[in-house]
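Below is one structure, written out as structure tokens; comments come after it.
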Amino acid sequence: GAGVSQTPSNKVTEKGKYVELRCDPISGHTALYWYRQSLGQGPEFLIYFQGTGAADDSGLPNDRFFAVRPEGSVSTLKIQRTERGDSAVYLCASSLNGNQPQHFGDGTRLSIL
Amino acid sequence: GQQLNQSPQSMFIQEGEDVSMNCTSSSIFNTWLWYKQDPGEGPVLLIALYKAGELTSNGRLTAQFGITRKDSFLNISASIPSDVGIYFCAGQPGAQKLVFGQGTRLTINP
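As you go down the protein sequences, you meet chains A and B in turn. Here the first sequence is numbered in the working numbering, starting from 1 and rising by one per residue. Here the second sequence is numbered in the working numbering, starting from 1 and rising by one per residue.
Set out below in structure tokens:
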């Protein structure tokens with residue numbers, strides 16, 4: 001597709017469960033970013049990939065959060081032992097390289113019951 | 001951590017009016033960007049600014065990168081109903097990640 005694609009668009013799960021959120025960046029974009037957006041707030045940075053490697057994971061809140069990008073394209077954000085406070089919209093963005101503007105997907109709205 | 005102060009938090013205007021919003025930071029940024037977000041969608045890039053003092057237009061939108069590199073503003077001229085939404089400024093400190101403001105919610109009365 002032409003833009004950043006995120007699946008699922010909505011995810012509802014119970015506290016304590018494991019979730020995976022997928023991001024398919026714009027074709028050819030080497031840089032990929034994950035952000036988290038709480039209601040009424042701006043997005044907050046989680047992690048940045050350049051190619052297959054995580055160049056900056058300083059925004060991950062704790063070790064329950066992990067992300068991979070094994071082939072340098074699709075990325076998966078993984079959250080273990082989910083907590084109600086993890087409920088938010090998780091946004092993915094990509095850019096041609098780290099110096100070009102970031103383009104966002106429509107996000108995954110995660111609700112932890 | 002780095003903080004961006006975006007103001008105003010909300011605006012209620014009449015269709016046809018001009019709009020102005022701004023962001024300030026305690027830190028220097030190498031790049032400033034402005035995004036618009038509609039409900040249920042991701043932020044959409046409006047304007048990117050790369051040099052201190054730069055003034056850039058995109059249709060009815062004009063944005064400037066402050067000389068001190070710690071602030072930016074966005075103006076919208078002759079507002080129309082489709083301008084409704086939440087506008088976010090974002091600064092890029094050079095480490096690739098974006099730092100976002102809290103957003104300005106724009107409401108337009110027809």
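Every residue, glycine too, gets a C-beta built ideally from N, C-alpha and C.
Please name the residue in the options whose C-alpha comes closest to that of residue i.
{"i": "B:Gly-66", "options": "B:Asn-22, B:Ile-86, B:Gly-42", "result": "B:Asn-22"}
{"i": "B:Leu-74", "options": "B:Leu-33, B:Pro-110, B:Pro-43, B:Gly-42", "result": "B:Leu-33"}
{"i": "A:Pro-70", "options": "A:Ile-112, A:Leu-91, A:Ala-54, A:Tyr-18", "result": "A:Ala-54"}
{"i": "B:Leu-103", "options": "B:Leu-46, B:Gln-37, B:Ser-79", "result": "It should be noted that the sequence gives Gly, not Leu, for residue 103 of chain B. Considering only alpha carbons, the answer is B:Gln-37."}
{"i": "B:Tyr-87", "options": "A:Leu-21, A:Gly-40, A:Asp-63, A:Asn-10", "result": "A:Gly-40"}
{"i": "B:Ser-27", "options": "B:Pro-39, B:Asn-58, B:Met-11, B:Asn-5", "result": "B:Asn-5"}
{"i": "B:Pro-93", "options": "B:Val-84, B:Lys-70, B:Leu-106", "result": "B:Lys-70"}
{"i": "A:Pro-22", "options": "A:Glu-44, A:Val-4, A:Gln-50", "result": "The sequence given here has Arg at residue 22 of chain A, not Pro. Answer by Cα proximity: A:Val-4."}
{"i": "B:Gly-59", "options": "B:Ser-72, B:Asp-83, B:Pro-39", "result": "B:Asp-83"}
{"i": "B:Ala-90", "options": "B:Phe-12, B:Ser-7, B:Tyr-35", "result": "B:Tyr-35"}
{"i": "A:Gln-6", "options": "A:Trp-34, A:Thr-52, A:Thr-13", "result": "A:Trp-34"}
{"i": "A:Glu-44", "options": "B:Leu-106, B:Val-99, B:Ser-10", "result": "B:Val-99"}
{"i": "B:Ser-7", "options": "B:Ser-57, B:Ser-72, B:Lys-97, B:Gly-40", "result": "B:Ser-72"}
{"i": "A:Pro-61", "options": "A:Gly-98, A:Ala-2, A:Ser-111, A:Gly-85", "result": "A:Gly-85"}
{"i": "B:Gln-3", "options": "A:Gly-42, A:Thr-108, A:Leu-110", "result": "A:Gly-42"}
{"i": "B:Gly-16", "options": "B:Arg-105, B:Pro-81, B:Gln-96", "result": "B:Pro-81"}
{"i": "B:Ala-52", "options": "B:Gly-40, B:Pro-39, B:Phe-29", "result": "B:Phe-29"}
Taking C-beta to C-beta, are residue i and residue j nearer than 8 angstroms?
{"i": "A:Ser-94", "j": "A:Leu-46", "result": "no"}
{"i": "A:Lys-15", "j": "A:Glu-83", "result": "yes"}
{"i": "A:Val-68", "j": "A:Ser-58", "result": "no"}
{"i": "A:Arg-64", "j": "A:Arg-81", "result": "yes"}
{"i": "B:Leu-49", "j": "B:Thr-68", "result": "no"}
{"i": "A:Val-12", "j": "A:Ile-79", "result": "no"}
Can you give me the start and stop residues for the beta strand (DSSP E) that residue i sits inside?
{"i": "B:Tyr-87", "result": "85 to 92"}
{"i": "A:Gly-53", "result": "53 to 56"}
{"i": "B:Lys-70", "result": "Where B:Lys-70 is concerned, there is no enclosing beta strand (DSSP E), given that its DSSP letter is neither H nor E."}
{"i": "A:Lys-78", "result": "75 to 79"}
{"i": "A:Lys-17", "result": "Segment: none, A:Lys-17 is in no beta strand (DSSP E) and carries neither H nor E."}
{"i": "A:Phe-66", "result": "65 to 68"}
{"i": "B:Lys-111", "result": "Absent from the structure is residue 111 of chain B, since the part of chain B shown begins at 1 and ends at 110."}
{"i": "A:Ala-93", "result": "88 to 95"}
{"i": "B:Leu-106", "result": "104 to 109"}
{"i": "A:Thr-7", "result": "5 to 7"}
{"i": "A:Arg-84", "result": "Taken as a continuous stretch (DSSP letters only), A:Arg-84 belongs to no beta strand (DSSP E), as it is neither H nor E."}
{"i": "A:Tyr-35", "result": "31 to 37"}
{"i": "B:Gln-6", "result": "4 to 7"}
{"i": "B:Ser-25", "result": "19 to 25"}
{"i": "A:Arg-109", "result": "108 to 112"}
{"i": "A:Gln-50", "result": "44 to 50"}
{"i": "B:Gln-141", "result": "Given a span of 1 to 110 for chain B in the structure shown, any question on residue 141 of chain B remains unanswerable."}
The ligand ADP heavy atoms versus the CB of residue i: any closer than 7 angstroms?
{"i": "B:Ile-67", "result": "Here there are no bound small molecules, and the ligand ADP is not part of this structure."}
By the criterion of Cβ-Cβ separation under 8 angstroms, what are the contact partners of residue i in chain C?
{"i": "A:Gly-59", "result": "Included in the structure are the protein chains A and B, with no chain C among them."}
Interfacial residues, the region 57 to 79 of chain B to chain A, with Cβ spacing under 8 angstroms: none
query: Is the region 6 to 23 of chain B touching the region 79 to 99 of chain A, taking contact as three or more C-beta pairs under 8 angstroms?
result: no
The region 23 to 31 of chain A / the region 76 to 86 of chain B touching (three or more Cβ pairs under 8 angstroms): no
query: Should the region 40 to 52 of chain B be called in touch with the region 97 to 112 of chain A, which here means at least 3 C-beta pairs below 8 angstroms?
result: yes
message: If the cut-off is 9 angstroms on Cβ atoms, which residues from the region 10 to 35 of chain A count as contacting chain B, listed in chain order?
response: Ala-31, Tyr-33, Tyr-35
query: Got a sec: which bits of the region 73 to 93 of chain A sit with their beta carbon under 9 angstroms from any beta carbon on chain B, in order along the chain?
result: Val-89, Leu-91, Cys-92, Ala-93
query: Which residues, in order along the region 85 to 109 of chain B, keep a beta-carbon less than 8 angstroms from a beta-carbon of chain A?
result: Phe-88, Ala-90, Ala-95, Gln-96, Lys-97, Leu-98, Val-99, Phe-100, Gly-101, Gln-102, Gly-103
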